[in-house]
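The block underneath contains the structure these notes are about, expressed in structure tokens.
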Amino acid sequence: MTDNQQNTAGLAAMEAPLSPPRSDSPVDSNSVDSNSLSTAPLSIRQLALLHPRERLLVPPTNWTPRHLEVLRCSFSEPAPAPATALAGKPQGGDYLRHEMERWVWRSPSGRSDTVRDLIGGAFTSQRNIGFYFHQRQVQILTCDLLFCKVDESFDQTLKDNPDALPPIVAAYVDLHQIDSARMEHFGVFKISRYRPMRRRLLCLNKLKKAKSTNHLHDPYIAALLIAIAQDDMHFARDLSAISSWTVR
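Going by the UniProt record's numbering, the residue at position 7 of the sequence shown is 7; the numbering climbs one at a time, nothing skipped.
In structure tokens form, the structure reads like this:
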């Protein structure tokens, strides 16, 4: 992909997901009222105009902690484990960790398979999700998606609408999967000792900037949540005629 194509894809990725309904008239950075910044949500284009010296219009794998600040994204702390547990049986995170260490130690794809095996009985699973702009897929984000299983009547609806799926109830992504997606995007896997040192350092520096010091607050997760919201909105729009469905 050329630099122009990457910039176009980056603009598409960054402009739409959080944009509120707005008129077709162009936006001037001088016309943005500073008093409204604390109340009205701004589109990505408006935010980019307010920060012209920063490179914000980039694909999701390029997002940095600075994007979270500009977009005003925040993360809640993980929910604590239950106070009580059944004696003699591994519970919650300990059980999941035990299974991962037992069957698929140090294998990101194996850990992903284990998660789906452990909780997949109640859900339908699917790998990866697209990040869209104006009905065009900008980038595929690595993850495992879980959907509720539905009754036979809704199964028929899915057959009539092959692109439709129930709302996403959960998504799983491994830290190593995020790192691999970024390294592939920045061309780290293609770096060799025969390449100029300057280019090698440039790729590694871009990768370092995109990483978060707190893995639970990774910008990739914010992009993933936006993609899930896009998918759920697509589902609600395409199946608006269905008033209800039964979850198995």
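Virtual Cβ for every residue (Gly too), placed ideally from N, Cα, C.
Cβ-based neighbour list, residue i, same chain, cut-off 6 Å, excluding 5 preceding and 5 following
i           : result
residue 47  : 70
residue 67  : 219
residue 185 : 61
residue 175 : 215
Assigned secondary structure, residue i (DSSP; H/G/I helix, E/B strand, else coil)
i           : result
residue 130 : strand
residue 147 : strand
residue 258 : Residue numbering for the chain in the displayed model covers 1 to 248; residue 258 lies beyond these limits and cannot be assessed.
residue 125 : strand
residue 29  : Summary for residue 29: the model assigns pLDDT 42, below 50, so the residue's position carries little reliability, and this model does not support an answer.
residue 200 : helix
residue 42  : coil
residue 139 : strand
residue 80  : coil
residue 51  : coil
residue 231 : helix
residue 214 : coil
residue 74  : coil
residue 20  : With a pLDDT of 35 at residue 20, under the threshold of 50, the predicted position of this residue should be treated as unreliable, though the coordinate-derived value follows. Residue 20: coil per DSSP, three-state reduction.
Range covered by the beta strand (DSSP E) that runs through residue i
i           : result
residue 171 : 168–172
Whole-angstrom distance between residue j and residue i, CA atom to CA atom
i           : j           : result
residue 80  : residue 131 : 31 Å
residue 170 : residue 53  : 37 Å
residue 235 : residue 198 : 46 Å
residue 56  : residue 167 : 30 Å
residue 204 : residue 178 : 15 Å
residue 228 : residue 206 : 26 Å
residue 125 : residue 141 : 15 Å
residue 35  : residue 109 : Interpretation of residue 35 is limited by its pLDDT of 48, a score under 50 that renders its predicted location unreliable; no figure is taken from the coordinates.
residue 58  : residue 121 : 38 Å
residue 251 : residue 75  : Nothing about residue 251 can be read from this structure; the chain reaches only from 1 to 248.
Beta-carbon contacts of residue i that lie in its chain and below 7 Å, excluding the five residues immediately before and after
i           : result
residue 33  : Residue placement at residue 33 is poorly supported in this model, since its pLDDT is 48, which falls under 50; the coordinates still yield a value, given next. Result list for residue 33: empty, nothing under 7 Å.
residue 73  : 222
residue 148 : 123, 166, 169 and 247
residue 213 : none
residue 112 : 144, 172 and 174
Delimiting residues of the alpha helix (DSSP H) encompassing residue i
i           : result
residue 68  : 65–71
residue 176 : 175–185
Beta-carbon spacing of residue i, residue j below 9 Å
i           : j           : result
residue 78  : residue 216 : yes
residue 119 : residue 146 : yes
residue 209 : residue 64  : yes
residue 172 : residue 116 : yes
residue 143 : residue 224 : yes
Same chain only: Cβ atoms within 8 Å of residue i, ignoring 5 sequence neighbours per side
i           : result
residue 232 : 167 and 168
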